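Here the sequence shown is numbered in full-length UniProt numbering, starting from 1 and rising by one per residue.
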Amino acid sequence: MSRGKLKPEDERCIQTNYVYLKENLNALDIVDYLYQHSVITLDDKENISKPGLSRPDRNEVLLSTLLNAGPGDAFKYFLASLSKQYLHVLKKVQNKEGRTVDSGEQQTQSLLDKLADKDRIIANLKDENESLKIDLSTSKMEIEKLTKDLKTTNEDLKYQKSENAKLLGQLAKALKNVDSLKEQLKNGRSATDEFQLLSGDGMKTTVFGKHDLEILSKSNADVQEEATGCLKHAGHTGSIPNETFSINDLPAGYRHELVYKCIKSLADLTVRIAVSTTSVDRPEFIPGTTCPYYFSDTRGQSVTRTGTGFVVNTVMLDCTNKSLNACSCTKCLQSETRSKRFWRVRVITHPALVYDTTEARHTTVRLFYDKNDSPGFILDNCVDFQVKDETNLLEFDTCDIDNCLNLGRKCKEFIKYREHTSNYLVNKNHDTIFIVSHPHGNVKRVSFGKLQFSSSIDEYFSKIVYTGETCPGSTGAPVYQIGKENIRIHQGTSLNGLNYSKSFIHYRGNGRSQSASDCLLS
């Protein structure tokens, strides 16, 4: 392609109509035609079509390129390109002196052509505008998605960093307590129990165990911290928070609505128990053994420990025109007028946690503790205490009508679902157990295990060994063999990691409950 200036007359024609051409053309409409006929090069075409140029600027680039297209046929092809879409412009340019010589009819037609051209330009601009809107909307969506992804990534990183810090804290605490744990094992079975079980094959098995009570001191009274630093079951992966416990968490073969409701109803009756003193009357040794009795080394001291218990029944009392005393709950004792109609709530736990009346007077029971912000339903003024062998009973007065009615319903629900479950599982092996407890004095959790050994002593007394995750704070927790009638009371964990219990009650809810060895409850 030869380059250089146009022929003088062609150059003069463009120069004469330069402003008109710049304002009335759209270079994009004719650039392909000019390129096809070798008037412009590919580079010229790209310069003319460059994004971001306004229409006049784009036309100016075209005219500058055309003026240097050489003395050949460039101008002829330029005029030919105008004949397809810009007749009115062509007629204007062909008037070499820049004057309009059209007749009236031609002028009218020229105006119509101009209007049509403007309409076409407007339509093109609208299409381009819509395209830009779509591109802008797409870009906004992509930016929003990227922003959201970035936020999520930052949150994930922050969470992972927090989890790593927690794990490092747990590891540091565990390492710090290793020497202490080794020293305890070296010194023998401190505060342990010892008994024999008869296994299914007739072999006697001796079991040494330790209580599952959580001891809280002034330096670690935060129960959340106690749970985080657990040495027995780090992470508590073998138990499920009662708040989130669902039918899908049941062991295979037991995923039935009746079994689920049976467990949930007993979980609703499970309570956290805290005792803030140790009685001076605790014996030095466990009867019949040389093992130190639980907390005998802290007799007479204010040492707070936590464990678990469960409500066995509630009794409504009305002292109007009767010899009964009015309600003795803390609220009433601080009021000038005590309620004459109230409820007596009965709670079962293990003597390792609450030994006698002295300790019962320093006992606090928290009910419905399923999450950290659960509303407090507290019983803290024990009005009666009974103990028999491996079971004890605490009685509390309260005039909290709503919570007591709820407790009464839960007692009846457990009896109903327990009976239905027994019928449903009549042909199953009753070796699956569940435990509901408050590990480390924290919110209640549900764990599952299997019965390992069982040895009956008499009609009401037996000893069992079983698996299942239990942590400090679990002593006194209800242990239920799914499909059975009785509730056992978790005592502790043997040195080989198995759990054990030496007592049970025949649970009758708001009827009569009988202890493992005698009629403990009336």
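We put the CB at the ideal spot given by N, CA and C, even for glycine. In this text, all values refer to a predicted model and were calculated from it rather than measured experimentally.
Practice task
Enumerate in chain order the residues of its own chain whose CB-to-CB distance from Lys5 is below 8 Å, with the five nearest sequence positions on each side excluded.
Solution key: Glu11, Leu67, Asn68, Gly70, Pro71
Handout entry: Neighbourhood of Leu367 by C-beta, 6 Å cutoff - its chain only, sequence neighbours within 5 removed
Key = Val271, Phe377
Problem - Sub-8 Å separation of Gly476 and Leu379 beta-carbons - result: no
Handout entry: Cβ pair Glu395, Arg344 closer than 8 Å
Key = yes
Exercise for the section: Ignore the nearest five residues each way along the sequence and tell me which others in Met141's own chain have a CB closer than 7 Å to its CB. Expected result: none
Practice task
Apply the 10 Å Cβ neighbour rule to Asp212 and answer buried if 16 or more other Cβ atoms are within range, or exposed otherwise.
Solution key: buried
Practice task
Identify the continuous beta strand (DSSP E) that holds Val69 and give its terminal residues.
Solution key: Checking the sequence, you will find Ala at residue 69 rather than Val. From DSSP, Ala69 is part of no beta strand (DSSP E); its letter is neither H nor E.
Problem - Contact check, Ser302 vs Arg282, beta carbons under 8 Å - result: no
Practice task
State the Cα-Cα distance for the pair Ser190 and Tyr293, rounded to the nearest angstrom.
Solution key: Its pLDDT being 42, under 50, Ser190 is placed unreliably in this model, and the value from its coordinates should be taken loosely. Distance between the alpha carbons of Ser190 and Tyr293 is about 9 Å.
Exercise for the section: Kindly list the residues whose CB is nearer than 7 Å to the CB of Ala74, restricted to its own chain and excluding five residues on each side of it in sequence; keep chain order. Expected result: Leu6, Val39, Leu66
Problem - Reduced DSSP secondary structure (H/G/I, E/B, other) of Ser374 - result: coil
Practice task
Could you have a look at Arg418 and say whether DSSP puts it in helix, strand or coil?
Solution key: helix
Handout entry: Pair within 8 Å by beta-carbon distance, Thr467 and Glu359
Key = no
Exercise for the section: Note down, in chain order, each residue of its chain lying with its Cβ closer than 7 Å to the Cβ of Lys22, except the 5 sequence neighbours on either side. Expected result: Pro56, Asn59, Glu60, Leu63
Exercise for the section: Give the range of the beta strand (DSSP E) segment to which Lys463 is assigned. Expected result: 462–466
Exercise for the section: Could you check if Ile122 is buried or exposed, using at least 16 other CB atoms within 10 Å of its CB as the buried criterion? Expected result: exposed
Problem - In DSSP terms, what Pro478 is bridged to - result: Ile489
Exercise for the section: Check whether the segment 16–32 touches the segment 77–96, taking contact to mean three or more Cβ pairs, one atom from each stretch, closer than 8 Å. Expected result: yes
Handout entry: Check whether Lys214 and Gly449 have beta carbons under 8 Å apart
Key = Residue identity differs from the one stated: residue 214 is Glu in this sequence, not Lys. It is not a contact, given that the beta carbons lie outside the stated cut-off.
Practice task
State the Cα-Cα distance for the pair Thr314 and Ser328, rounded to the nearest angstrom.
Solution key: 15 Å
Exercise for the section: Using three-state DSSP, classify Thr391 as helix, strand or coil. Expected result: strand
Exercise for the section: Could you pull the start and end residues of the beta strand (DSSP E) that Asn499 belongs to? Expected result: 499–501
Handout entry: Validate contact between the segment 419–437 and the segment 246–261 using beta carbons, cut 8 Å, 3 pairs
Key = yes
Exercise for the section: Going by DSSP, name the residue or residues bridged to Ala274. Expected result: Thr306, Thr364
Exercise for the section: Mind checking which residues open and close the beta strand (DSSP E) that includes Val345? Expected result: 341–349
Practice task
Take the Cβ of Gly307 as the centre, count every other Cβ of all protein chains shown within 10 Å, and call the residue buried at 16 or more, exposed below.
Solution key: buried
Problem - Residue span of the alpha helix (DSSP H) that contains Ile247, given as start and end - result: Unbroken run through Ile247: none, as it is neither H nor E.
Handout entry: Contiguous alpha helix (DSSP H) assignments of at least 4 residues, all confined to the UniProt domain "CARD" (6–97)
Key = 8–16, 18–24, 27–36, 42–48, 55–67, 74–85, 87–94
Practice task
Tell me His440's beta-bridge partners as DSSP assigns them.
Solution key: Answer by DSSP bridge pairing: none, since His440 is not bridged.
Handout entry: CB-CB length for His309 against Val365, believed under 8 Å
Key = One point to set straight first is that residue 309 is Gly, not His, in the sequence displayed. Confirmed, about 7 Å.
Handout entry: Backbone CA spacing between Thr244 and Asp356 [nearest angstrom]
Key = 36 Å
Handout entry: C-alpha distance - Ile134 paired with Ile48, whole-angstrom precision
Key = 24 Å
Practice task
Would you kindly check if the distance between the Cβ of Tyr33 and the Cβ of Lys92 is under 8 Å?
Solution key: no
Problem - Own chain partners of residue 529 with C-beta closer than 6 Å, once the 5 adjacent residues on each side are dropped - result: Because the chain in this structure spans residues 1 to 522, residue 529 falls outside the shown range and cannot be described.
Exercise for the section: Determine the direct distance from the alpha carbon of Ile263 to that of Thr192, and round the result to whole angstroms. Expected result: Since pLDDT at Thr192 reaches only 49, below the 50 mark, its modelled position is unreliable, and the value read off the structure follows with that caveat. Distance between the alpha carbons of Thr192 and Ile263: 30 Å.
Practice task
Quick one: residues in its chain with C-beta nearer than 7 Å to the C-beta of Tyr77, no 5 flanking neighbours on either side, listed in chain order?
Solution key: Leu34, His37, Val39
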